[in-house]
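Asker: Once you've had a glance at the structure underneath, I'll fire off some questions.
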Amino acid sequence: MYAIISSASIWAIPLILATILIYGMYKKIPVYEVFVDGAKDGFGTAIKIIPHLVGMLVAVSIFRQSGALDMLTGLLEPLLQLVRAPGEIIPLAMLRPITGSGALAVTADMIATYGPDSFLGRLASTMQGSTDTTLYVLTVYFGAVGIRNSMYSLKVGLWADLAGIVASIFIVTLVFG
Numbered sequence: 001m002y003a004i005i006s007s008a009s010i011w012a013i014p015l016i017l018a019t020i021l022i023y024g025m026y027k028k029i030p031v032y033e034v035f036v037d038g039a040k041d042g043f044g045t046a047i048k049i050i051p052h053l054v055g056m057l058v059a060v061s062i063f064r065q066s067g068a069l070d071m072l073t074g075l076l077e078p079l080l081q082l083v084r085a086p087g088e089i090i091p092l093a094m095l096r097p098i099t100g101s102g103a104l105a106v107t108a109d110m111i112a113t114y115g116p117d118s119f120l121g122r123l124a125s126t127m128q129g130s131t132d133t134t135l136y137v138l139t140v141y142f143g144a145v146g147i148r149n150s151m152y153s154l155k156v157g158l159w160a161d162l163a164g165i166v167a168s169i170f171i172v173t174l175v176f177g
């Protein structure tokens, strides 16, 4: 079974590309020219996104370096103790909606410190996969298309992140606690 899955994964991307090329030739589409036009559009989009991305990265860096993250961690720790969740998870829960790379660094550090099969390692991994970088997504994508009023999106995204965090704690505690 492993050999079949391994072979399928090796050939998946080349087969997809070949299918696209063959379909394009069948429909008489200038595949290369269409690709180049798409790349030009993508480059333009990347240029539009850069100011929003830089602003978000600066804000995240200030949040972490100012000690605000540590202060919030201290304030939230008693709340987590009520539900018997470890306080070490707070930095990940706080950073995940803000920055994917920062949250991944916290997750990697927790796994290196406590081990991948520990309760904290499993909780961090589950939380990493159950939430999204809401502020990053809103900043970059809404900035790229020029949406200015994203208040409802922000509220819904943060509520979804909270639901993912709570569900992660509940399910990992239920299954591995």
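Numbered by UniProt numbering, the letters in the sequence shown go through residues 1 to 177 in order.
Cβ atoms here follow ideal geometry from the backbone N, Cα and C, with glycine treated the same way.
Rounded to a whole number of angstroms, what is the C-alpha to C-alpha distance between Leu95 and Glu88?
Answerer: Those two C-alpha atoms are separated by around 13 Å.
Asker: So, at 8 Å on beta carbons, what are the nonlocal neighbours of Val140 in its own chain, with the 5 sequence-adjacent residues on each side left out?
Answerer: Here the set comprises Ile49, His52, Leu53, Met56.
Asker: Taking Glu88 as part of the alpha helix (DSSP H), name the residues at either end of that continuous run.
Answerer: Careful: Glu88 lies outside any alpha helix (DSSP H) and carries neither H nor E.
Asker: Can you tell me the Cα-Cα spacing of Ile20 and Ile29, whole angstroms?
Answerer: Using only the alpha carbons, I get a separation of about 11 Å.
Asker: Does DSSP put Asp161 in a helix, a strand or coil?
Answerer: Reduced to three states, the DSSP call for Asp161 is helix.
Asker: Taking only three categories from DSSP, how would you classify residue 200?
Answerer: Residue 200 lies beyond the range of the chain shown here (1 to 177); nothing can be said about it.
Asker: When the Cα atoms are used, what is the spatial distance from Ser61 to Gly102?
Answerer: If I take the Cα positions, the gap works out to 9 Å.
Asker: Looking at C-beta atoms only, is the number of pairs between the region 115–129 and the region 76–93 that lie closer than 8 Å three or more?
Answerer: Touching, yes.
Asker: Near Pro97, what residues of its chain come up, given a Cβ to Cβ distance below 7 Å and the 5 sequence neighbours on each side ignored?
Answerer: Contacts found: Thr131, Thr133, Thr134, Leu135, Leu158, Asp161.
Asker: Alpha carbon to alpha carbon, what distance is there between Asp41 and Gly24?
Answerer: Rounded to the nearest angstrom, the two C-alpha atoms are 20 Å apart.
Asker: Let me check you understand the geometry: is the CB of Phe176 closer than 8 Å to at least one non-hydrogen atom of the ligand FAD?
Answerer: The ligand FAD is not part of the structure shown, which contains no ligands of any sort.
Asker: Does the beta carbon of Gly129 come closer than 9 Å to any beta carbon on chain B?
Answerer: You won't find chain B in this structure, because it holds only one protein chain.
Asker: Go ahead and pull the three-state DSSP assignment for Ile20.
Answerer: Ile20: helix per DSSP, three-state reduction.
Asker: Count the other CB atoms within 10 Å of the CB of Pro91; is the residue buried (16 or more) or exposed (fewer)?
Answerer: Its Cβ being crowded by 16 or more others within 10 Å, Pro91 is buried.
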